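First the structure, in the form of structure tokens, and then the observations on it.
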């Protein structure tokens with residue numbers, strides 16, 4: 004599905020944009036999903052900034068479907084957008100689409116999820132590795148440096164891979180903590196099943212790290228359903244309102260690494276405008292994550 008197509012409100016704005024070097028064709032954005040509050044915030048921030056600066060923006064939603072994302076990017080190429088903003092469904096699978104866009108003279112910005120195997124003009128996203136390290140530090144503190152932990156991951160998305168790598172690296176500072184299980188759980192339902200499977204196979208688990216809010220919230224449900232609320236602590240990553248509320252009210256959810264999707268969305272549009280105006284932009288624009296452990 005597609006969200007609202009942003010157009011210039013008046014011919015005077017169009018003239019101004021042409022004078023400043025920004026082309027009327029504007030920005031095409033392909034976002035991973037709109038089923039998660041994180042991406043809803045990115046989308047809303049992009050639309051607000053595009054409106055505020057009078058730049059045309061069209062957003063397509065990939066619904067976590069690589070084939071749809073590839074088709075959406077092809078559509079943007081045909082339309083002749085100046086800049087493509089993309090959060091890849093698959094960090095490697097999106098390569099052909101990005102290469103085609105670049106071959107067509109379209110500048111490419113990746114947001115939240117980096118692409119693998121291709122250089123883009125700029126990447127904007129959380130420092131996921133650092134966030135993973137911080138999640139490990141929090142887990143180590145909560146477990147007193149000892150225990151068995153499990154991980155719910157999403158291995159085809161490079162930003163999540165970086166989180167998991169950072170988490171594993173951070174746990175090296177806690178030799179008394181052992182990772183005993185790791186399973187994929189992309190959707191909340193899949194994450195629930197993964198958590199249930201890992202708890203059944205490893206009933207002595209004392210901590211679970213979920214790659215995102217949905218994974219962590221699902222893990223918390225699995226922990227409580229298994230009667231292990233006094234034993235297992237869960238840490239998530241994203242820090243949207245539902246997860247923060249859970250940290251405030253549910254003793255199983257001990258913390259979340261907090262991202263700032265509104266900053267990502269605004270920066271993506273601002274960077275695209277800078278590119279259209281012929282300005283140099285940083286190849287990487289990392290955003291430092293926060294840590295939320297309750298009010």
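Numbering (our numbering), first residue to last: 4 to 298. Built from N, CA and C at the ideal position, the CB exists for glycine as well. Please read these numbers as outputs of a predicted model, since none were measured by experiment.
Sort the options by Cα distance to residue i and report the nearest one.
i	options	result
residue 64	53, 275, 56 and 79	79
residue 163	105, 131, 102 and 73	131
residue 113	286, 184 and 212	286
residue 191	218, 128, 179 and 97	218
residue 254	242, 233 and 142	233
residue 260	227, 270, 216 and 229	216
residue 165	268, 195, 119 and 153	119
residue 123	129, 133 and 103	103
residue 121	129, 148, 159 and 105	105
residue 188	156, 148 and 204	156
residue 128	89, 47, 213 and 175	89
residue 240	170, 47, 52 and 270	170
residue 35	293, 220, 288 and 70	70
residue 87	202, 160, 101 and 265	101
residue 50	289, 270, 293 and 284	270
residue 148	176, 159, 193 and 126	176
Can you tell me whether DSSP reads residue i as helix, strand or coil?
i	result
residue 292	coil
residue 223	helix
residue 213	strand
residue 22	For residue 22, the pLDDT reaches just 35, beneath the cut-off of 50, and the residue's location in the model is therefore unreliable, although a value from the coordinates is still provided. In this structure, residue 22 counts as helix in the three-state DSSP scheme.
residue 93	coil
residue 141	helix
residue 156	strand
residue 38	coil
residue 287	strand
residue 262	coil
residue 117	coil
residue 280	coil
residue 243	coil
residue 134	helix
residue 268	helix
residue 53	helix
residue 228	helix
residue 122	coil
Suppose the cutoff is 8 angstroms on Cβ atoms and the five residues either side in sequence are ignored; what does the same chain contact list for residue i look like?
i	result
residue 85	25, 26, 28, 29, 30, 109, 110, 275, 278 and 279
residue 210	142, 145, 146, 150, 151, 152, 153, 180, 235, 236, 237 and 238
residue 82	28, 31 and 61
residue 168	132 and 135
Determine which residues share a DSSP beta bridge with residue i and list them.
i	result
residue 256	237
residue 274	Residue 274 is not bridged to any residue.
residue 87	31 and 111
residue 61	31
residue 150	180
Residue i lies in the beta strand (DSSP E); which residues open and close that run?
i	result
residue 125	125-129
residue 146	Run containing residue 146: none; DSSP gives neither H nor E here.
residue 31	30-34
residue 181	179-187
Starting from residue i, trace the alpha helix (DSSP H) in both directions and tell me its first and last residue.
i	result
residue 81	69-82
residue 163	161-174
residue 206	Unbroken run through residue 206: none, as it is neither H nor E.
residue 103	98-106
Taking 6 angstroms as the limit between beta carbons, can you name the residues of its chain near residue i, skipping five residues before and five after?
i	result
residue 145	236 and 257
residue 297	250 and 251
residue 173	136, 139 and 140
residue 91	97, 116 and 118
residue 183	151 and 205
residue 247	295
Looking only at its own chain, which residues have a Cβ that is under 7 angstroms from the Cβ of residue i, when we skip the five neighbours before and after it?
i	result
residue 75	33, 63 and 65
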